Every structure is written in structure tokens, then in C-alpha cells.
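J.:
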Amino acid sequence: MECMVISKKSSNHKCNLVSKGEKIKQVTKFKYLGYLITSDGRCTSEIRKRIAMAKDTFQKRKPILANRNIRMTTKIRIIKTYVWSVLLYGSECWTINNEIERKLEAVEMRFIRRTMRISWTENKSNELVLKEANRPNRQG
Numbered sequence: 001m002e003c004m005v006i007s008k009k010s011s012n013h014k015c016n017l018v019s020k021g022e023k024i025k026q027v028t029k030f031k032y033l034g035y036l037i038t039s040d041g042r043c044t045s046e047i048r049k050r051i052a053m054a055k056d057t058f059q060k061r062k063p064i065l066a067n068r069n070i071r072m073t074t075k076i077r078i079i080k081t082y083v084w085s086v087l088l089y090g091s092e093c094w095t096i097n098n099e100i101e102r103k104l105e106a107v108e109m110r111f112i113r114r115t116m117r118i119s120w121t122e123n124k125s126n127e128l129v130l131k132e133a134n135r136p137n138r139q140g
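Using the UniProt record's numbering, the letters of the sequence shown map in sequence onto residues 1 to 140.
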């Protein structure tokens, strides 16, 4: 049995719980229903794990996404269906801040650019790439 104090401030709070005469061990993180919960209430490690899983899923779909005979709209739907469902699984529990939002946008742009074969050296803005992919611009 374990206990954890969740707080936005530093977690020097001690939990002195006893069950059946034994002190319950205090931890700073634990896995609950497959989701990593940390004592600071942040979910950056969980999001990093999800991004890695989404990248792996993208790689597995690469033969389809690299096929020039498949329309771009279909490829974007494949990314949305397979890759984003892996990435965003459990996201309703995440605490989203600007840093996490930027990471999610960056990984989205990485998937779209790779699918469209647009190199970073081409200096195309994200807005232009989204427009070419027929995706709405998040900024406006």
C-alpha cells in the first residue's frame, strides 16, 4: 500500500498513515490505471510517453503515408485516426499549459511536414503548411 500527497507547491508534506500497525509508504509518483500520477500534479512525463508512442505509431504507418497514390486528405485522416488517438489517450486528465500546448503543436507539425515531404530547410511557415494540408490555422 502506498500514499501520495499531491500539491502544486513543493511536496515536503509528510503523510503519516498507518494500516494494520504498519506505516504506509509515501511515494512521489505511481501508476494508476496505466496513467502516471506525480506529486506535483504535472503530467509532463506522461505526455512525453504519449508523444513517443505517437511517433512510433506514425513510423508504423509510414509506408501508407509515404505512398504518393494516396490523397493528402486521406493521409491526414489516417494521422488523425491512428496517431492522434494514441497521442491524446487520457488527455482529459492532463493539466495543459503553454509549454505542453507548444509540444503538442510541434509534434502535429512534424507529422504533417513529414507526410507532405516538407523539409525544415524549406523555411515554410506552419500556417502555410497547415493551409496546404487543408487544416485550420489554430492562431486565427
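Cβ coordinates follow ideal geometry from the N, Cα and C atoms, glycine included. No experiment lies behind these values; they were computed from the predicted model shown.
Determine whether the beta carbon atoms of Ile-118 and Ile-47 lie at a separation below 8 Å.
T.: Against a cut-off of 8 Å, the Cβ pair of Ile-47 and Ile-118 comes out as no contact.
J.: Kindly indicate which residue of Ser-91, Cys-93, Ile-79, Val-86 has the alpha-carbon position closest to the one of Asn-110.
T.: First, the amino acid is wrong: residue 110 is Arg here, not Asn. Checked all of Ser-91, Cys-93, Ile-79, Val-86; the closest Cα to Arg-110 is Ile-79.
J.: Taking three-plus beta-carbon pairs below 8 Å as touching, is the region 30–39 in contact with the region 60–76?
T.: Counting Cβ pairs under 8 Å, fewer than three are found: no touch.
J.: Between Asn-123, Lys-60, Met-116, Glu-122, which has its C-alpha nearest Asn-134's C-alpha?
T.: It is Met-116 whose Cα lies nearest to the Cα of Asn-134.
J.: Mapping DSSP to helix, strand and coil, what is residue 179?
T.: For the chain, the structure presents residues 1 to 140; residue 179 sits outside this window and is missing.
J.: If I measure Cβ to Cβ from Thr-73 and keep anything under 8 Å in the same chain, skipping five residues before and after, which residues do I get?
T.: Closer than 8 Å at the Cβ level, and outside the excluded window around Thr-73, lie Asn-134.
J.: Closest by CA to Ala-106, which one among Phe-30, Trp-94, Val-86, Lys-55?
T.: Closest option to Ala-106, Cα to Cα, is Lys-55.
J.: Leaving out the 5 sequence neighbours to the left and right, which residues in its chain are closer than 8 Å to Gln-26 when beta-carbon positions are compared?
T.: Excluding positions up to five away in sequence, the list reads Glu-2, Cys-3, Met-4, Val-5, Lys-14, Cys-15.
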